[in-house]
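Student: My questions all concern the structure below.
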């Protein structure tokens with residue numbers, strides 16, 4: 015006698031991993047963990063795109079978070095909570111959940127296939143008295159005529175009808191929407207695609223706002239070589255002073271200065287080029303400045319004045335000094351002007367307060383001075399020139415390589431859910447027997463005097479809609495038969 019072959023250790027390990035992932039409890043735990051991670055990403059402030067890539071901007075962001083989260087700031091940073099959707103924890107959870115969904119789907123697929131392609135067509139006589147749905151049609155027609163009438167009624171209801179072979183009474187098996195359960199496969203595949211789309215969007219997508227003073231340019235970054243120039247900005251208001259429209263005219267240029275695209279952009283009318291979209295996002299005021307050290311220009315452009323001081327007197331913006339590394343060197347420049355409608359005694363309209371900070375932020379002020387338009391000052395070796403105030407426009411740059419997959423997954427999810435709940439697999443078994451062999455329906459022991467009895471049953475779970483459909487099917491079979499009988503056709507739902 016041949017000994018059964020034992021699986022190799024690798025096969026046993028693979029089987030154990032597979033069994034772990036198709037375990038429903040594992041799937042539920044992973045879903046809950048993903049929900050917790052998503053909730054944390056909603057509740058905890060997320061760093062803007064690119065902020066954590068620069069040491070200076072990261073330090074400024076963490077200093078701001080320190081005031082909000084206190085001693086939790088460093089642990090949250092270490093866990094990736096300020097960029098939760100690209101953190102290793104979130105990516106690992108996404109991969110594990112996708113594997114769990116895949117394993118559950120593969121585990122259930124053979125059962126669905128058997129149920130669809132090789133259904134159980136013959137059932138016992140007892141089934142017709144124990145099934146969830148039961149029906150009887152007594153008739154004086156022959157067995158053959160009864161079978162054909164039943165077949166016609168089922169096909170009229172769009173059932174697939176299969177003759178049951180073998181010994182015993184004539185029997186039929188019928189089903190409808192047999193491929194409907196595969197909607198769950200489509201829905202599960204959709205979830206995997208959606209998870210993949212989220213990961214692709216979070217890792218390789220771009221969502222960045224460029225604050226561009228009118229008449230200047232800002233590089234897009236990300237190795238594109240593109241820059242955006244804002245040539246004009248127009249805003250419109252209603253009689254109540256509420257903005258009704260704001261539009262910027264922008265040019266997209268390559269690193270050689272060639273214009274690639276040009277358009278008026280609004281919030282919902284972006285400029286589109288090479289998979290990138292440039293939306294109108296915001297507007298405000300900026301200060302045009304220039305930074306130099308030892309005669310070398312470090313920066314020339316605008317500083318957006320989007321923040322407001324605690325007392326409400328100033329609007330200000332910050333600029334990290336490029337190349338600052340040594341202790342005592344200026345790291346940050348703050349440019350502040352009087353806020354709209356505010357009168358500041360020491361800073362007149364058209365002037366700017368310039369404050370230079372060292373590496374420790376507000377605790378290390380290297381110097382400050384009020385500048386008129388077109389003047390400059392030198393603090394700790396850094397020369398700051400204030401040109402003038404200017405309007406700026408905020409342009410959001412977006413590129414989402416996961417969007418097409420998100421659409422595909424969403425459509426597949428809708429199709430799968432619609433098939434699962436709208437195309438329920440309905441199965442009906444039919445047995446046609448001589449009257450003397452009919453099931454005792456009422457428990458009285460009375461045998462019907464009909465020549466033939468058609469017994470119909472279905473094991474589907476209780477469903478009000480199907481209950482009506484089943485009763486209509488029994489009635490339709492009844493109307494197709496010319497019968498003279500003591501008892502009319504009947505249908506019922508079993509009490510559980």
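Numbering (this note's numbering), first residue to last: 15 to 510. Virtual Cβ for every residue (Gly too), placed ideally from N, Cα, C. Here the structure is a predicted model, which means the values were calculated and not measured.
1) Is the beta carbon of residue 204 less than 8 Å from the beta carbon of residue 430?
2) Do residue 145 and residue 420 have their C-beta atoms closer together than 8 Å?
3) Name, in chain order, the residues that DSSP records as bridge partners for residue 23.
4) Helix, strand or coil for residue 171, going by three-state DSSP, please let me know.
5) In this structure, what does DSSP give as the bridge partners for residue 469?
6) Does the count of Cβ pairs from the region 112-120 and the region 32-39 closer than 8 Å reach three?
7) Kindly indicate which three-state DSSP category residue 138 falls into: helix, strand or coil?
8) Just tell me which of 328, 85, 343, 119 has its CA closest to the CA of residue 352.
9) Let me make sure I understand the geometry here. Which of 469, 440, 218, 348 has the alpha-carbon closest to that of residue 138?
10) Following the continuous alpha helix (DSSP H) through residue 412, name the residue where it begins and the one where it ends.
11) Given a threshold of 16 other Cβ atoms within 10 Å of its Cβ, counted over all protein chains shown, does residue 357 qualify as buried or as exposed?
12) CB-CB under 6 Å to residue 458, same chain, minus the five flanking residues each way: which ones, in chain order?
13) If you draw a straight line from the alpha carbon of residue 355 to that of residue 323, how long is it in whole angstroms?
14) Determine the DSSP secondary structure at residue 179, reduced to helix, strand or coil.
15) To the nearest angstrom, report how far apart residue 263 and residue 401 are at their CA atoms.
16) So, using beta-carbon positions, are residue 221 and residue 240 closer together than 8 Å?
17) What's the call for residue 287, buried or exposed, on a 16-neighbour Cβ count within 10 Å?
18) Is residue 26 buried or exposed, if buried means 16 or more other CB atoms sit within 10 Å of its CB?
19) So who's on the other strand from residue 330, going by DSSP bridges?
20) Does the region 149-161 touch the region 468-485, meaning 3 or more C-beta pairs lie closer than 8 Å?
21) Assuming residue 209 and residue 314 make a contact with CB atoms under 8 Å, what is their CB distance in whole Å?
22) Tell me where the beta strand (DSSP E) around residue 245 begins and ends.
23) How many whole angstroms separate the CB atoms of residue 317 and residue 337, which I take to be in contact at a CB cut-off of 8 Å?
24) Going by DSSP, name the residue or residues bridged to residue 220.
25) Pick helix, strand or coil for residue 229, following the three-state DSSP scheme.
26) Could you pull the start and end residues of the beta strand (DSSP E) that residue 299 belongs to?
27) What's the gap between the Cα of residue 247 and the Cα of residue 253?
28) So if DSSP puts residue 533 in a beta bridge, which residue, or which two residues, is it bridged to?
Tutor: Taking the coordinates as given:
1) Your numbering for residue 204 matches position 190 in the chain shown. Your numbering for residue 430 matches position 416 in the chain shown. Yes, the Cβ-Cβ distance between residue 204 and residue 430 is below 8 Å.
2) Position 131 of the chain shown, counted from the first residue, corresponds to residue 145. Position 406 of the chain shown, counted from the first residue, corresponds to residue 420. Contact flag unset, no.
3) The sequence position of residue 23 within the chain shown is 9, counting from 1. The partner list for residue 23 (beta bridge, DSSP) is empty, contrary to what the question assumes.
4) Counting from one through the chain shown, the residue named residue 171 turns up at place 157. Note: residue 171 maps to coil in three-state DSSP.
5) Counting from one through the chain shown, the residue named residue 469 turns up at place 455. BP columns for residue 469 point to 150, 445.
6) yes
7) What you label residue 138 is simply residue 124 of the chain shown in a count that begins at 1. Note: residue 138 maps to coil in three-state DSSP.
8) Within the chain shown, the letter at position 338 stands for residue 352. Nearest of 328, 85, 343, 119 to residue 352, Cα basis: 328.
9) Start at 1 with the first residue of the chain shown, and residue 138 comes out as number 124. Ranking 469, 440, 218, 348 by Cα distance to residue 138 puts 469 first.
10) Counted from its first residue, the chain shown places residue 412 at position 398. Here residue 412 belongs to no alpha helix (DSSP H); instead the beta strand (DSSP E) covers 396-413.
11) What you label residue 357 is simply residue 343 of the chain shown in a count that begins at 1. By the 10 Å Cβ count, residue 357 comes out exposed.
12) Taking the first residue of the chain shown as 1, we reach residue 458 at position 444. Residue placement at residue 458 is poorly supported in this model, since its pLDDT is 49, which falls under 50; the coordinates still yield a value, given next. Excluding sequence neighbours, residue 458 sits near nothing in its chain.
13) Residue 355 sits at position 341 when you count from the first residue of the chain shown. Residue 323 sits at position 309 when you count from the first residue of the chain shown. Approximately 14 Å between the Cα atoms of the pair.
14) Stepping through the chain shown from its first residue, residue 179 is reached at position 165. Note: residue 179 maps to coil in three-state DSSP.
15) For this step, residue 263 is matched to residue 249 along the chain shown. For this step, residue 401 is matched to residue 387 along the chain shown. Approximately 23 Å between the Cα atoms of the pair.
16) As a working mapping, residue 221 is identified with position 207 in the chain shown. As a working mapping, residue 240 is identified with position 226 in the chain shown. Not in contact: residue 221 and residue 240 (Cβ atoms no closer than 8 Å).
17) Start at 1 with the first residue of the chain shown, and residue 287 comes out as number 273. By the neighbour-count rule (16 or more Cβ atoms within 10 Å), residue 287 is not buried but exposed.
18) Locating residue 26 in the chain shown gives position 12, counting from the first residue. Exposed, by the Cβ-count rule.
19) By one-based count along the chain shown, residue 330 stands at place 316. 321, 350, per the DSSP bridge assignment.
20) yes
21) Along the chain shown, read from residue 1 onward, the residue named residue 209 stands at position 195. Along the chain shown, read from residue 1 onward, the residue named residue 314 stands at position 300. That pair is no contact at about 44 Å.
22) Residue 245 sits at position 231 when you count from the first residue of the chain shown. Where residue 245 is concerned, the enclosing beta strand (DSSP E) stretches over 241-251.
23) As a first step, residue 317 is located in the chain shown; it is residue number 303 there, counting from the start. As a first step, residue 337 is located in the chain shown; it is residue number 323 there, counting from the start. That belief does not hold up - the Cβ atoms of residue 317 and residue 337 are roughly 17 Å apart, past 8 Å.
24) Reading the chain shown from its first residue, position 206 is the one you call residue 220. DSSP, once it has assigned bridges, lists 413 as partnering residue 220.
25) Taking the first residue of the chain shown as 1, we reach residue 229 at position 215. In this structure, residue 229 counts as coil in the three-state DSSP scheme.
26) Mapped onto the chain shown, residue 299 falls at position 285. Where residue 299 is concerned, the enclosing beta strand (DSSP E) stretches over 290-307.
27) To locate residue 247, count along the chain shown from 1; it is residue 233. To locate residue 253, count along the chain shown from 1; it is residue 239. Those two C-alpha atoms are separated by around 20 Å.
28) Nothing can be reported for residue 533: it is not among the residues displayed for the chain, which extend from 15 to 510.
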